[in-house]
Amino acid sequence: MCGIAGFLGPEASEHVLHDMMSTMLHRGPDGQGVWTGADDNIALGHLRLSIIDLDHGGQPMTSPDGRYVFVYNGEVYNYAELRGGLEQQGWQFRTDSDSEVLMAGLILEDTGFLIKTIGMFAFALWDRKEKELLLARDRMGIKPLYYTLSKQTGLVFSSEFKALVNWLPNGASVNPSALDDYLTLRYVAGPKTMVAGINKFPAGHWVRLGYDEILSGSFQPVRWWSMQFNSTGPAFTRAEDEELEFLLEDAVRLCMRSDVPFGAFLSGGIDSGVVAGLMARHHGQAIRTYSIGFEGEEDELAEAAQVAHALNAKHSEVVMRPEDLRSLPDIVHRIDEPFPDPIVIAMDMLAARSAEDVKVILTGEGADEIFGGYVHHPHMQLFDCISKVLPKWLTGTAGAGVNLIPIALLDAMVDYQVKPGKLGRDRLAKIVVNLPDKARRYLTYVGLFPEDLREVLVSSTFHPGQGEATLDRVSRTLSVCEQDGVHSFLDQVMAMEYETWLTDNILFKQDKVLMGHSLEGRVPFCDHRLVELAAKLPLGRKLKRGRNKIALRDMATKILPSLPQIGKKKAFMIPMNGAWGGVLREMAGDYLLSTRFRQSGIFCPKTIDKLLSGFPSSTLLEGKQILALMMFAMWQDRVLIPSA
Numbered sequence: 281m282c283g284i285a286g287f288l289g290p291e292a293s294e295h296v297l298h299d300m301m302s303t304m305l306h307r308g309p310d311g312q313g314v315w316t317g318a319d320d321n322i323a324l325g326h327l328r329l330s331i332i333d334l335d336h337g338g339q340p341m342t343s344p345d346g347r348y349v350f351v352y353n354g355e356v357y358n359y360a361e362l363r364g365g366l367e368q369q370g371w372q373f374r375t376d377s378d379s380e381v382l383m384a385g386l387i388l389e390d391t392g393f394l395i396k397t398i399g400m401f402a403f404a405l406w407d408r409k410e411k412e413l414l415l416a417r418d419r420m421g422i423k424p425l426y427y428t429l430s431k432q433t434g435l436v437f438s439s440e441f442k443a444l445v446n447w448l449p450n451g452a453s454v455n456p457s458a459l460d461d462y463l464t465l466r467y468v469a470g471p472k473t474m475v476a477g478i479n480k481f482p483a484g485h486w487v488r489l490g491y492d493e494i495l496s497g498s499f500q501p502v503r504w505w506s507m508q509f510n511s512t513g514p515a516f517t518r519a520e521d522e523e524l525e526f527l528l529e530d531a532v533r534l535c536m537r538s539d540v541p542f543g544a545f546l547s548g549g550i551d552s553g554v555v556a557g558l559m560a561r562h563h564g565q566a567i568r569t570y571s572i573g574f575e576g577e578e579d580e581l582a583e584a585a586q587v588a589h590a591l592n593a594k595h596s597e598v599v600m601r602p603e604d605l606r607s608l609p610d611i612v613h614r615i616d617e618p619f620p621d622p623i624v625i626a627m628d629m630l631a632a633r634s635a636e637d638v639k640v641i642l643t644g645e646g647a648d649e650i651f652g653g654y655v656h657h658p659h660m661q662l663f664d665c666i667s668k669v670l671p672k673w674l675t676g677t678a679g680a681g682v683n684l685i686p687i688a689l690l691d692a693m694v695d696y697q698v699k700p701g702k703l704g705r706d707r708l709a710k711i712v713v714n715l716p717d718k719a720r721r722y723l724t725y726v727g728l729f730p731e732d733l734r735e736v737l738v739s740s741t742f743h744p745g746q747g748e749a750t751l752d753r754v755s756r757t758l759s760v761c762e763q764d765g766v767h768s769f770l771d772q773v774m775a776m777e778y779e780t781w782l783t784d785n786i787l788f789k790q791d792k793v794l795m796g797h798s799l800e801g802r803v804p805f806c807d808h809r810l811v812e813l814a815a816k817l818p819l820g821r822k823l824k825r826g827r828n829k830i831a832l833r834d835m836a837t838k839i840l841p842s843l844p845q846i847g848k849k850k851a852f853m854i855p856m857n858g859a860w861g862g863v864l865r866e867m868a869g870d871y872l873l874s875t876r877f878r879q880s881g882i883f884c885p886k887t888i889d890k891l892l893s894g895f896p897s898s899t900l901l902e903g904k905q906i907l908a909l910m911m912f913a914m915w916q917d918r919v920l921i922p923s924a
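Position 579 of the sequence shown, counting from 1, maps to 859 under this note's numbering, and the rest follow consecutively.
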């Protein structure tokens, strides 16, 4: 686990690389190196967080014949199994690192070797003879890779966004299409980033190019892995159920490979509980587990402690207090891109505590995406069923009827910690009206800022319609899924969310927060073997009669019968009432009322004043809207246009 940076262009130099790497020293506190090929306008840099083969495996790594130079961020978990086949082809290993295994496989078998890997990575391999650079990213995009490309500067790439901001020929400016994503989906879907001209390298792709291709503007990544959710196939057999269990257990086993101490994040939910349970089964001694809660608020510390006790784990707890919210600006700087959820503060505190003991953390991220674990998944299925029986001409009338439902009755019908209230009823009415349009229906449900609010929030001078709008992209993606034979709307949604929500939200957040504390995060539920099989699960093995993640729950009872009964998952969110709300209101005023923010010309001050007037006594949704704007303002200050 490391950080990489590279420059293929006229200004490539050791000095340039060191400047870029200085912005992300937290990614590699155990060593750094730079290689330059001055005659070829190429420079590669690496920051190392030592996990495997601590004494060797430094980078940039050069092949024995000197032809290839390699920098790599990630872990290939099955490197030991792959090593023997490469030795049979004549490779003589100089280290015991997974880095050399990946480099050797690419040299001997080219990009076809990627299919054999189990793990996470972003890498660059320079061929000094052919003068070509090979870039690639893992299947799910667990490890980040950003780039900017222009004829003036060439190709510049890095593990973090901040390292590229100064290499934009025309300066840094907010991407209107990305802002539309941010305000709607709560994240920016790749390949965009919030800054025009900086892109995310697509997950599951590789590209090979030389300096001539850069000058001609040619940059066409090739997809080397793809996956579809399709639950309409034949029912799972017992053998396939057993294979699903085996793959989950094997994924955890592989993720425990490490030459340094490791542990697990543990909540009161089933995902992290299963991961921790399987770790305990395969580890010869007590595992370390870490949980976080909120002072004076409902949380899952008690449930997590119960699971830890059953596993005989060395358990540590962190309690977050209202004053801890004031660390948010520093965290926004570390996470690199704007991210509209203050829960990163809790994750940051948990990562900081874990880093005192371990260098590797296993988490349960990715389970909800493959087993149907999100609150909106059964609702998407229900709305789709209704759309097929409710005539289009009746949707407007039905929507008006929803607005007649007493709010108290609607709140009583919703089995969730936070009740919908009037805003929730208004949103439900709009969903019913939009039933015939799958993309609008989906975005009306999940959107942070509804379309009518975005229209008065974003300044007319900013031209938010530039580029592909979020609605157009979602509509296109759902249509492509249907054309590819994925007919279930829920499968289409899950396929889309797996490529965007998981990669650009969940995994992005984990990488940036954990690496901010030089901590490697591993995600067994993102093992591609498990993902490919789970994607074919019949819907009845995911959602049934109000229960979700059926297949995972069944596996948990068989694999881990000694675990206590894991109850319903509680919402993991920062409180916005009482003392918590007071601190947030003060911070929101500092940023959203600042001259710098208001003069940026992106948002309408009158709309922001109206939103602020009810905070923090606003509804949960309104509070999240304020926090999203506040974190965007912090990002502008700390990353986009930092103070001199």
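The beta-carbon is built from N, C-alpha and C at its ideal position, and this holds for glycine as well.
{"Check": "Is it a yes or a no for the region 361-370 touching the region 319-326, going by three-plus beta-carbon pairs under 8 angstroms?", "Outcome": "no"}
{"Check": "Can you name, in chain order, every residue of its own chain whose Cβ lies under 6 angstroms from the Cβ of Leu840, other than the five neighbours on each side?", "Outcome": "Gly557"}
{"Check": "Tell me, to the nearest whole angstrom, how far the beta carbon of Leu819 is from that of Ser768; I am working on the premise that it is less than 8 angstroms.", "Outcome": "7 angstroms"}
{"Check": "Give me, in chain order, the residues of the same chain whose beta-carbon lies closer than 7 angstroms to that of Ser506; leave out the 5 immediate sequence neighbours on both sides.", "Outcome": "Gly484"}
{"Check": "Please report the straight-line C-alpha distance between Ile611 and Leu864, rounded to a whole angstrom.", "Outcome": "15 angstroms"}
{"Check": "Which runs of the beta strand (DSSP E) at least 3 residues long sit entirely within the region 633-673? Give them in chain order.", "Outcome": "640-642"}
{"Check": "Check whether the Cβ atoms of Gly653 and Lys829 lie closer than 7 angstroms to each other.", "Outcome": "yes"}
{"Check": "Could you round the C-beta distance between Tyr352 and Leu382 to whole angstroms and report it? I think they count as a contact, below 8 angstroms.", "Outcome": "6 angstroms"}
{"Check": "Return the chain-ordered list of same chain residues with a C-beta closer than 6 angstroms to the C-beta of Asp461, the five sequence neighbours on each side being excluded.", "Outcome": "Val468, Ala469 and Thr750"}
{"Check": "Starting from His298, trace the beta strand (DSSP E) in both directions and tell me its first and last residue.", "Outcome": "Here His298 belongs to no beta strand (DSSP E); instead the alpha helix (DSSP H) covers Glu294 to Met301."}
{"Check": "Whole angstroms is fine: what's the gap from Arg568's alpha carbon to Val793's?", "Outcome": "19 angstroms"}
{"Check": "For Gln373, which of helix, strand or coil comes out of DSSP?", "Outcome": "Going by the sequence as given, residue 373 is Phe instead of Gln. In the structure shown, Phe373 sits in coil (DSSP, three-state: anything other than H, G, I, E or B)."}
{"Check": "So, using beta-carbon positions, are Tyr570 and Ser596 closer together than 7 angstroms?", "Outcome": "yes"}
{"Check": "Using CA coordinates, which residue listed in Gln432, Arg756, Leu581 and Leu823 is at the minimum distance from Leu495?", "Outcome": "Gln432"}
{"Check": "According to DSSP, simplified to helix, strand and coil, what is Val314?", "Outcome": "strand"}
{"Check": "By the 10 Å Cβ neighbour count, where 16 or more other Cβ atoms means buried, how is His326 classified, buried or exposed?", "Outcome": "buried"}
{"Check": "Rank Asp870, Asn785, Ala318 and Asp376 by C-alpha distance to the C-alpha of Asp621 and give the top, closest one.", "Outcome": "Asn785"}
{"Check": "According to DSSP, simplified to helix, strand and coil, what is His808?", "Outcome": "helix"}
{"Check": "Bridge partners of Gly573, per DSSP?", "Outcome": "Val599"}
{"Check": "Relative to the alpha-carbon of Gly311, which residue among Lys480, Thr837, Ser798 and Asp834 has its alpha-carbon at the smallest distance?", "Outcome": "Ser798"}
{"Check": "My guess is that Leu591 and Ala560 are in contact by the Cβ rule of under 8 angstroms, so how many angstroms apart are they, rounded?", "Outcome": "4 angstroms"}
{"Check": "Is it buried or exposed, Gln879, if we count other Cβ atoms within 10 angstroms and call 16 or more buried?", "Outcome": "exposed"}
{"Check": "Comparing C-alpha positions only, which one of Met774, Leu907 and Arg821 sits nearest to Arg518?", "Outcome": "Arg821"}
{"Check": "Look at Gln500 and Val766 and say whether their C-beta atoms are less than 7 angstroms apart.", "Outcome": "no"}
{"Check": "Please report the residue range of the alpha helix (DSSP H) in which Thr757 lies.", "Outcome": "Thr750 to Gln763"}
{"Check": "Tell me whether Ser498 is buried or exposed, calling it buried when 16 or more other Cβ atoms sit within 10 Å of its Cβ.", "Outcome": "exposed"}
{"Check": "Ordered along the chain, which non-local residues of its own chain (more than five positions away) have a Cβ less than 6 angstroms from that of Ile284?", "Outcome": "His326, Val351, Asn353 and Ser439"}
{"Check": "Express the C-alpha separation of Leu662 and Arg825 in angstroms, rounding to a whole number.", "Outcome": "12 angstroms"}
{"Check": "I'd like the list of long-range same chain contacts for Gly894, defined as Cβ closer than 7 angstroms, with 5 residues on each side in sequence excluded.", "Outcome": "Glu902"}
{"Check": "With distances taken Cα to Cα, identify the nearest neighbour of His562 among Glu575, Gly573 and Cys535.", "Outcome": "Cys535"}
{"Check": "Could you check how far apart the C-beta atoms of Pro609 and Ala859 are, in whole angstroms? I think they sit under 8 angstroms.", "Outcome": "Actually they do not touch by this definition, with Cβ atoms about 19 angstroms apart."}
{"Check": "Report the rounded CA-to-CA distance for Glu636 versus Ser759, giving the unit in angstroms.", "Outcome": "48 angstroms"}
{"Check": "Quick one: using the 10 Å Cβ neighbour count with 16 as the cut-off for buried, is Gln763 buried or exposed?", "Outcome": "exposed"}
{"Check": "Once the 5 residues before and after Asp664 are set aside, which same chain residues still bring their CB inside 6 angstroms of it?", "Outcome": "Phe769"}
{"Check": "Please list the terminal residues of the continuous alpha helix (DSSP H) segment that includes Phe912.", "Outcome": "Leu900 to Trp915"}
{"Check": "Where does the unbroken beta strand (DSSP E) through Tyr352 begin, and where does it stop?", "Outcome": "Tyr348 to Val356"}
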